[in-house]
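In this text, residue positions in the sequence shown follow numbering that gives the first Met the number 0: the first is 0, and each later residue adds one. Where is the CB? At the ideal position from N, CA and C, for every residue including glycine. On a predicted model such as this, the values are computed, not experimentally measured, just so you know. Here the structure is laid out as structure tokens; the discussion comes afterwards.
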Amino acid sequence: MQARAVVLGGDVGGYSLARAFHEAYGGRTIVVSTVPTVPLRYSRIVENVVASRMDEPEEVLGVLQEIADRNPDRALLLLGTADWHVRTIAALRDRLPAAYVVPYVEMHVLDRVTSKVAFAALCAEHGVDHPTTVVHDVRGLVMPDTSGLQFPVVAKPEDATGYHRVDFPGKRKVYPDVADEAELHALLAQVRDAGYTGSFLIQDRIPGDDTGMRVLTTYSDRSGRVRFASFGHVLLEEHTPGALGNPVGIITDRDDAVVAQAVRLLEVIGWTGFANFDLKYDPRDGRTVFFELNPRLGRSHAYVTASGHNTAQMYVREYVEGLDPLDGPDVWAQEQHLTSLVPATVLLRYLPSTLRALVRRLIRRGRASNPLWYHAERDPRRWAVVALAQANHLRKFRQHHPSHA
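Here it is as structure tokens:
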């Protein structure tokens with residue numbers, strides 16, 4: 000049966016999935032989004048379906064039913080670009096039309112790893128490096144005991160799905176530099192008053208800038224064995240409040256010690272499919288600590304396909320065709336490739352000299368790419384939209400990067 004991808008979420012991760020499928024199999028990916036986002040506009044490899052209430056499971060189910068009705072005799076591989084999309088898919092799994100193929104773990108496994116509290120406990124249990132963490136129930140009136148931490152600290156919501164549903168002035172995905180107890184207490188009170196009822200994690204702040212961040216993408220086959228790993232050195236991250244911490248520049252690298260820790264954790268919990276880890280190198284002791292596990296391909300997963308390992312093929316081979324996902328031995332990716340979502344001028348502006356030299360070398364050797372620039376896109380309006388968005392990065396980084404504070 001011929002397969003077609005259906006993706007929930009229209010960010011650059013959704014477009015990167017569509018590109019991976021197009022490179023491997025041709026055809027157009029159906030991307031469901033709340034609005035026609037910049038990465039999707041005028042794309043010839045995407046069929047964009049707009050659903051304004053994607054946070055309503057019944058609305059999503061209705062849209063997916065309509066898509067199935069329009070695609071008879073097709074296997075529909077259903078994917079999500081955010082944790083809450085994956086949770087929606089997992090919750091609807093037993094109600095989806097028969098055409099849908101869901102390459103995600105069951106809900107009880109999902110709960111075990113996407114809870115930042117549970118993830119911290121798993122790391123401690125299985126010897127995986129993790130920052131010191133204090134958990135605070137936002138509903139409580141007593142503020143957390145942070146005596147084991149040193150300010151400034153990092154604060155972030157434990158329940159990404161619940162946090163997504165609330166809004167308040169100054170809302171951020173992560174608060175990376177909470178200066179003192181007073182600032183922390185004010186933040187937690189504001190979050191509580193906005194209606195968020197989950198927990199917040201207050202963590203040891205690992206020193207260092209964006210270049211200390213790392214990313215790891217793995218693929219586990221249906222038996223639970225890790226078959227593929229791609230480690231990335233982050234060069235630069237977004238600094239706009241709503242997108243803070245999203246990588247915009249990654250070089251494929253290799254760190255066998257980090258991969259070994261991830262393999263140990265994933266195989267003991269019986270993980271299957273893709274997983275994405277956020278990490279940071281700690282210059283104080285040389286460890287690379289794990290922050291969280293995302294139960295999906297990360298927003299910046301284009302770095303995996305760009306370095307020669309097409310993510311779409313792993314999904315299709317195992318979940319649609321019933322074949323070995325790699326058609327060969329396990330792969331620990333290592334060939335260096337630069338993947339950047341921003342112009343080279345922006346990337347080079349904010350890098351230390353040692354990394355600037357490496358970036359220039361990769362560009363000269365033709366080992367650099369931007370997932371939004373794709374030769375199959377022929378509509379001049381799309382090129383104009385992407386060019387304008389790329390130019391806009393100059394303004395955003397001037398406005399929000401710490402070096403301009």
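Using only the alpha-carbon positions, how far apart do residue i and residue j sit?
| i | j | result |
| --- | --- | --- |
| Arg213 | Ala228 | 13 Å |
| Gln1 | Val233 | 36 Å |
| Lys395 | Asp54 | 28 Å |
| Val49 | Val315 | 25 Å |
| Pro379 | Ala386 | 10 Å |
| Ala356 | Leu350 | 10 Å |
| Ala256 | His392 | 35 Å |
| Thr344 | Ala390 | 10 Å |
| Asn369 | Asn47 | 21 Å |
| Leu140 | Asn70 | 52 Å |
| Glu182 | Ala120 | 27 Å |
| Glu376 | Gly13 | 16 Å |
| Val62 | Arg360 | 46 Å |
| Pro206 | Glu58 | 43 Å |
| Thr217 | Leu325 | 12 Å |
| Arg191 | His135 | 11 Å |
| Glu317 | Pro282 | 40 Å |
| Leu148 | Phe276 | 23 Å |
State the CB to CB distance for the pair residue i and residue j, rounded to an integer number of angstroms; the pair is presumed to be in contact (CB under 8 Å).
| i | j | result |
| --- | --- | --- |
| Arg381 | Ser114 | The pair is not a contact, with the Cβ atoms about 39 Å apart (cut-off 8 Å). |
| Glu334 | Ser299 | Not a contact, Cβ separation roughly 18 Å. |
| Gly169 | Pro240 | 7 Å |
| Val11 | Pro38 | 5 Å |
Tell me which residues share the same chain as residue i and place their Cβ nearer than 6 Å to its Cβ, disregarding the 5 neighbours each side in the sequence.
| i | result |
| --- | --- |
| Ala98 | Ala67, Leu75 |
| Tyr373 | Arg18 |
| Ala453 | What the structure shows of the chain is the stretch from 0 to 404, and residue 453 is not part of that stretch, so it cannot be assessed. |
| Thr196 | Arg138 |
For residue i, which residues of its own chain have a beta-carbon under 8 Å away from its beta-carbon, when the five flanking residues on both sides are left out?
| i | result |
| --- | --- |
| Asp82 | Thr113, Ala159, Thr160, Asn293, Pro294, Arg295 |
| Val108 | Ile268, Gly269, Trp270 |
| Arg253 | Phe230, Trp331, Ala332, Gln333 |
| Arg263 | His125, Gly126, Val127 |
| Ala90 | Pro56, Met106 |
| Ala383 | none |
Who are the near neighbours of residue i in its chain, counting only those whose CB is closer than 7 Å to its CB and skipping five residues on each side?
| i | result |
| --- | --- |
| Leu346 | Leu234, Leu235, Gly248, Ser339, Val358 |
| Val319 | Ala2, Ala74, Leu76, Val100 |
| Pro151 | Asp176, Val177, Ala178, Arg204 |
| Gly8 | Ser32, Gly79, Thr80, Ala81, His84 |
| Leu354 | Thr210, Leu234 |
| Val288 | Asp128, His129, Pro130, Ile205, Leu278, Lys279, Asp281 |
| Arg40 | Arg381, Val384 |
Can you confirm whether residue i, when its beta carbon is compared against all beta carbons of chain B, has any partner nearer than 9 Å?
| i | result |
| --- | --- |
| Phe167 | Absent from the structure: chain B. Only one protein chain is present. |
Quick check: is any heavy atom of the ligand ADP less than 8 Å from the C-beta of residue i?
| i | result |
| --- | --- |
| Thr131 | What this structure holds is no ligand at all, so the ligand ADP is not there to describe. |
- Task: Would you check if there are 3 or more beta carbon pairs closer than 8 Å linking the stretch 99-106 to the stretch 264-272?
- Result: By the criterion of at least three beta-carbon pairs nearer than 8 Å, the stretch 99-106 is in contact with the stretch 264-272.
- Message: When you compare the stretch 216-229 with the stretch 182-196, are there three or more beta-carbon pairs, one atom per stretch, that lie closer than 8 Å?
- Response: No: fewer than three Cβ pairs fall under 8 Å.
- Indicate whether the contact test is met: 3 or more Cβ pairs, each with one atom in the stretch 241-251 and one in the stretch 333-340, closer than 8 Å. Judged by Cβ distances under 8 Å, the stretch 241-251 makes contact with the stretch 333-340, as three or more pairs qualify.
- Message: To test your reading of the DSSP string, which unbroken alpha helix (DSSP H) runs of 4 or more residues are found completely within the stretch 242-293?
- Response: Runs of the alpha helix (DSSP H) inside the stretch 242-293: 255-268.
- Message: Extract the residue ranges of the beta strand (DSSP E) inside the stretch 165-210, only unbroken runs of 3 or more that lie entirely within it.
- Response: The qualifying runs are 174-177, 198-203.
- Between the stretch 300-319 and the stretch 4-20, do at least 3 Cβ pairs fall closer than 8 Å? The stretch 300-319 is in contact with the stretch 4-20.
- Message: Does the stretch 127-138 come into contact with the stretch 193-207, if we say contact requires no fewer than three beta-carbon pairs (one atom in each stretch) closer than 8 Å?
- Response: Yes, the stretch 127-138 is in contact with the stretch 193-207.
- Mind pulling the beta strand (DSSP E) runs of 3 or more residues that sit fully within the stretch 309-358? Here the runs fully enclosed are 337-339.
- Query: Can you list the alpha helix (DSSP H) stretches of 4 or more residues lying completely in the stretch 50-82, in chain order?
  - Reply: Entirely contained in the stretch 50-82, the alpha helix (DSSP H) runs reaching 4 residues are, in chain order, 56-69.
- Message: List, from N- to C-terminal side, the beta strand (DSSP E) runs of 3 residues or more that fit wholly inside the stretch 69-152.
- Response: Whole beta strand (DSSP E) segments, 3+ residues: 74-79, 132-136.
- Message: Threshold first: 3 residues or longer. Then list the beta strand (DSSP E) segments lying entirely within the stretch 376-400, N to C.
- Response: Runs found: none.
- Message: Please give the ranges of any beta strand (DSSP E) in the stretch 16-50, keeping only runs that are unbroken, at least 3 residues long and fully inside the region.
- Response: Complete beta strand (DSSP E) runs here, min 3: 28-32, 45-49.
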